[in-house]
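Peer 1: Numbering (the numbering used here), first residue to last: 1 to 550.
Backbone N, C-alpha and C define an ideal beta-carbon position, used for all residues, glycine too.
Keep in mind it's a predicted model, so treat the numbers as computed, not measured.
(1) Residue range of the beta strand (DSSP E) that residue 301 falls in?
(2) Tell me the DSSP secondary structure of residue 157 in three-state form.
(3) What does a CB cutoff of less than 6 Å around residue 189 pick up in its chain, not counting 5 residues either side in sequence?
(4) Given 8 Å as the limit, is there contact between the region 429 to 441 and the region 405 to 420, that is, 3 or more CB pairs closer than that?
(5) Which runs of the beta strand (DSSP E) at least 3 residues long sit entirely within the region 290 to 350? Give them in chain order.
(6) Given this structure, state the Cα-to-Cα distance separating residue 506 from residue 204, to the nearest angstrom.
(7) Could you spell out the range, first to last residue, of the beta strand (DSSP E) harbouring residue 264?
(8) Please classify residue 363: does DSSP put it in a helix, a strand, or coil?
(9) Rounding to the nearest angstrom, what Cα-Cα distance links residue 138 and residue 240 in this structure?
(10) Go to residue 185, then tell me how far its beta strand (DSSP E) extends in each direction, as first and last residue.
(11) Three-state secondary structure (DSSP) at residue 396?
(12) Between which two residues does the beta strand (DSSP E) containing residue 99 stretch?
(13) On a Cα-Cα basis, can you pick out the residue from 107, 109, 178 and 169 that is closest to residue 142?
(14) I think residue 459 touches residue 390, with their Cβ atoms under 8 Å apart; what is that distance to the nearest whole Å?
(15) Give me whichever residues DSSP pairs with residue 558 in a beta bridge.
(16) Using beta-carbon positions only, say whether residue 116 and residue 90 come within less than 7 Å of one another.
(17) Let me check understanding here. Comparing Cα to Cα, which of 413, 229, 385 and 373 lies closest to residue 211?
(18) Measuring only the C-alpha atoms, how far is residue 500 from residue 232?
(19) Let me confirm a value: residue 557 is counted as buried when at least 16 other C-beta atoms fall within 10 Å, else exposed. Which label applies?
(20) So, are the CB atoms of residue 465 and residue 362 less than 7 Å apart?
(21) Are residue 145 and residue 172 touching if we call contact CB-CB under 7 Å?
(22) Would you mind sorting residue 184 into buried or exposed? The rule is 16 or more other CB atoms within 10 Å of its CB.
(23) For residue 538, list the residues DSSP reports as bridge partners.
(24) Is the separation between the beta-carbon of residue 94 and that of residue 121 shorter than 7 Å?
(25) Using 10 angstroms around the beta-carbon of residue 301, count the other beta-carbons present and answer buried if the total reaches 16, otherwise exposed.
(26) Mind reading off the beta-carbon distance from residue 213 to residue 198? Whole number of angstroms is fine, and I expect it under 8 Å.
(27) Helix, strand or coil: which one does DSSP assign to residue 452?
(28) Locate the alpha helix (DSSP H) running through residue 181, then write down its first and last residues.
(29) Between which two residues does the beta strand (DSSP E) harbouring residue 244 extend?
(30) Beta carbon of residue 182, beta carbon of residue 238: below 7 Å?
(31) When you compare only the Cα positions, how much space is there between residue 454 and residue 495?
(32) In three-state DSSP terms, what is residue 167?
(33) Just curious, the beta strand (DSSP E) that residue 119 is in, first and last residue?
(34) For a test of the three-state rule: what should DSSP assign to residue 512, helix, strand or coil?
(35) Is residue 124 helix, strand or coil when you go by DSSP?
(36) Whole angstroms are fine: how far does the CA of residue 236 sit from the CA of residue 30?
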């Protein structure tokens with residue numbers, strides 16, 4: 001933690017984040033809505049005040065449109081500059097349309113400088129997977145009109161995607177940056193209903209406020225769950241909030257003031273914690289568990305890590321280590337049973353691998369903590385050995401962890417050291433059983449790896465591992481600093497995307513969980529954009545939709 005404290009002093013003069021902030025920092029995102037309670041709609045008519053539980057007027061037809069945009073495939077195929085107008089049942093006159101490109105399609109709009117800020121996939125039990133993207137538009141700059149739309153895309157037609165647009169909200173705000181940080185979509189309550197936060201007028205006072213709503217992505221119907229979030233400051237932005245895995249609660253947290261709200265979606269009750277959980281730019285100090293019921297918090301003032309329930313109640317605490325630790329300090333297992341915590345035993349600079357907003361370290365010990373904040377197991381390297389250990393990946397939904405043992409090679413003083421691998425092990429945190437893995441440079445072919453699994457690195461080094469669980473062998477399938485998993489609405493649930501080192505090209509691995517195989521694609525590179533998801537035969541990257549394969 002010492003490294004983080006030093007850097008916070010250097011960065012203390014910065015108090016606002018960039019809209020495209022660094023990974024791990026509070027991320028801005030957005031949404032858009034037809035008529036706010038007590039205000040006027042697009043036609044100037046007065047809207048009826050909405051109360052908790054009331055259903056608003058549909059933004060579109062109560063049934064899915066009889067003619068989907070996919071039926072317009074006769075309009076032309078990609079590459080001939082065909083333009084397909086998105087279906088707009090609310091008639092918001094935004095002019096959303098799909099423009100044909102050689103690689104697929106690009107989404108365009110009459111809204112100048114509209115930006116795509118979020119991409120979500122509908123739940124797998126909803127049948128044909130739909131892509132939901134939130135677009136932001138604030139033509140007046142930081143203060144003035146602020147709007148968000150939901151763009152619903154159906155890629156079931158291989159040649160021409162369907163496109164429907166529903167407004168989420170439109171409001172006049174004093175600071176679009178602050179509004180942007182909380183007006184996000186937080187996930188799906190079921191196969192059809194998207195949960196999001198909107199900006200708009202308070203139903204009683206008429207003042208600007210935030211409200212929690214749902215959008216039916218198939219009909220456009222909206223519902224107000226909370227017309228106001230009591231006590232939300234308009235002069236502060238928000239850190240990342242989350243929806244619990246059981247869909248019962250939404251947790252929101254302001255960045256500087258540190259206020260924490262837990263919204264019970266079933267009871268329609270709001271709880272504001274009496275404790276504060278503030279952050280220091282450019283970092284976020286809350287690290288929620290996968291189910292969202294717990295979070296670890298970095299308490300700089302008391303030099304402790306604190307474990308809390310989602311509503312802010314304390315569970316456990318742990319002092320900072322005598323040396324450095326990683327950021328984020330806690331890496332939860334996918335099943336949420338454990339959190340790994342890596343650190344050094346002292347503050348020697350020889351443990352520092354690199355730095356930007358934080359120090360990147362080579363850990364000497366990894367501690368595994370359970371859901372009560374207790375140390376369950378600790379893996380240590382021998383003192384004075386010059387060896388390091390890190391949690392490289394999770395296996396079997398968190399039942400096992402891949403340990404990477406290495407040393408640092410510094411051939412050129414002042415340059416970033418290289419990790420020299422000493423070995424890999426499979427560790428079961430519940431029993432402490434460790435199994436060494438044989439490192440294979442090149443696999444002999446699919447026939448020899450029937451029992452293998454692909455797992456992504458959690459260290460940020462861009463590695464994709466292939467592990468033979470039966471024969472305890474490992475191969476680094478792909479390694480590049482810019483390799484990462486992306487959601488995949490297919491049989492693998494996630495894909496692996498990376499640049500090809502030394503080439504102006506990218507590579508995409510898509511996995512089949514049942515067959516335990518990987519299909520490799522070399523899609524068009526979405527220059528200047530990172531991929532958001534893979535759906536059927538399409539790569540989604542912002543407003544670019546790239547067809548995969550032939």
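Peer 2: Judging by the given coordinates:
(1) Within the chain shown, numbered from 1, the residue matching residue 301 stands at position 301. Where residue 301 is concerned, there is no enclosing beta strand (DSSP E), given that its DSSP letter is neither H nor E.
(2) Locating residue 157 in the chain shown gives position 157, where the first residue counts as 1. Coil.
(3) Here the question's residue 189 lines up with position 189 in the chain shown. Contacts found: 195 and 247.
(4) no
(5) 294 to 299, 304 to 309, 314 to 319 and 339 to 343
(6) For the purposes of this step, residue 506 is identified with residue 506 of the chain shown, where counting begins at 1. For the purposes of this step, residue 204 is identified with residue 204 of the chain shown, where counting begins at 1. The straight-line gap from Cα to Cα measures roughly 53 Å.
(7) In the chain shown, residue 264 corresponds to position 264, counting from 1. Element bounds for residue 264: 260 to 264.
(8) The residue labelled residue 363 in the question sits at position 363 within the chain shown. In this structure, residue 363 counts as coil in the three-state DSSP scheme.
(9) Sequence index remark: in the chain shown, residue 138 carries index 138 (1-based). Sequence index remark: in the chain shown, residue 240 carries index 240 (1-based). If I take the Cα positions, the gap works out to 21 Å.
(10) As a position in the chain shown, residue 185 is number 185, starting the count at 1. Its beta strand (DSSP E) spans residues 185 to 188.
(11) On the chain shown, residue 396 is found 396 positions in, with the first residue counted as 1. Three-state DSSP puts residue 396 in a helix.
(12) Taking the chain shown and counting its residues from 1, the one referred to as residue 99 is at position 99. That run of the beta strand (DSSP E) goes 97 to 100.
(13) Numbered from its first residue, the chain shown carries residue 142 at position 142. Among 107, 109, 178 and 169, the Cα nearest to that of residue 142 belongs to 178.
(14) Looking up residue 459 in the chain shown gives position 459. Looking up residue 390 in the chain shown gives position 390. The pair is a contact, with the Cβ atoms about 6 Å apart (cut-off 8 Å).
(15) Nothing can be reported for residue 558: it is not among the residues displayed for the chain, which extend from 1 to 550.
(16) Position 116 of the chain shown holds residue 116. Position 90 of the chain shown holds residue 90. No, Cβ-Cβ distance for residue 116 and residue 90 is not below 7 Å.
(17) Within the chain shown, residue 211 is the residue found at index 211, counting from 1. Ranking the options by Cα distance to residue 211, first place goes to 229.
(18) Residue 500 sits at position 500 when you count from the first residue of the chain shown. Residue 232 sits at position 232 when you count from the first residue of the chain shown. Each residue's alpha carbon lies about 45 Å from the other.
(19) Any property of residue 557 remains undetermined from this structure, which presents the chain solely from 1 to 550.
(20) Within the chain shown, residue 465 is the residue found at index 465, counting from 1. Within the chain shown, residue 362 is the residue found at index 362, counting from 1. Contact flag unset, no.
(21) Locating residue 145 in the chain shown gives position 145, counting from the first residue. Locating residue 172 in the chain shown gives position 172, counting from the first residue. Cβ atoms of residue 145 and residue 172: closer than 7 Å.
(22) Within the chain shown, the letter at position 184 stands for residue 184. It is buried - the Cβ of residue 184 has at least 16 other Cβ atoms within 10 Å.
(23) Taking the first residue of the chain shown as position 1, residue 538 is located at position 538. In DSSP, residue 538 forms a bridge with 535 and 547.
(24) Translated into positions along the chain shown, residue 94 becomes position 94. Translated into positions along the chain shown, residue 121 becomes position 121. Result no, Cβ atoms of residue 94 and residue 121 do not sit closer than 7 Å.
(25) Within the chain shown, residue 301 is the residue found at index 301, counting from 1. By the neighbour-count rule (16 or more Cβ atoms within 10 Å), residue 301 is not buried but exposed.
(26) Within the chain shown, numbered from 1, the residue matching residue 213 stands at position 213. Within the chain shown, numbered from 1, the residue matching residue 198 stands at position 198. Yes, residue 213 and residue 198 are in contact; Cβ-Cβ is about 5 Å, under 8 Å.
(27) The residue labelled residue 452 in the question sits at position 452 within the chain shown. In this structure, residue 452 counts as strand in the three-state DSSP scheme.
(28) Within the chain shown, the letter at position 181 stands for residue 181. Unbroken alpha helix (DSSP H) run through residue 181: 176 to 182.
(29) Counting from one through the chain shown, the residue named residue 244 turns up at place 244. Here residue 244 belongs to no beta strand (DSSP E), and DSSP marks it neither H nor E.
(30) Stepping through the chain shown from its first residue, residue 182 is reached at position 182. Stepping through the chain shown from its first residue, residue 238 is reached at position 238. Yes, the Cβ-Cβ distance between residue 182 and residue 238 is below 7 Å.
(31) Position 454 of the chain shown, counted from the first residue, corresponds to residue 454. Position 495 of the chain shown, counted from the first residue, corresponds to residue 495. If you take the alpha carbons of residue 454 and residue 495, they lie about 10 Å apart.
(32) For the purposes of this step, residue 167 is taken as the residue at position 167 of the chain shown. Reduced to three states, the DSSP call for residue 167 is strand.
(33) Residue 119 sits at position 119 when you count from the first residue of the chain shown. Counting along the chain, the beta strand (DSSP E) containing residue 119 begins and ends at 115 to 121.
(34) For the purposes of this step, residue 512 is identified with residue 512 of the chain shown, where counting begins at 1. Residue 512: strand per DSSP, three-state reduction.
(35) In the chain shown, residue 124 corresponds to position 124, counting from 1. Helix.
(36) Taking the chain shown and counting its residues from 1, one reaches residue 30 at position 30. Taking the chain shown and counting its residues from 1, one reaches residue 236 at position 236. Because residue 30 carries a pLDDT of 31, less than 50, the predicted location of this residue cannot be relied on, and the following value inherits that uncertainty. So the two alpha carbons sit approximately 16 Å from each other.
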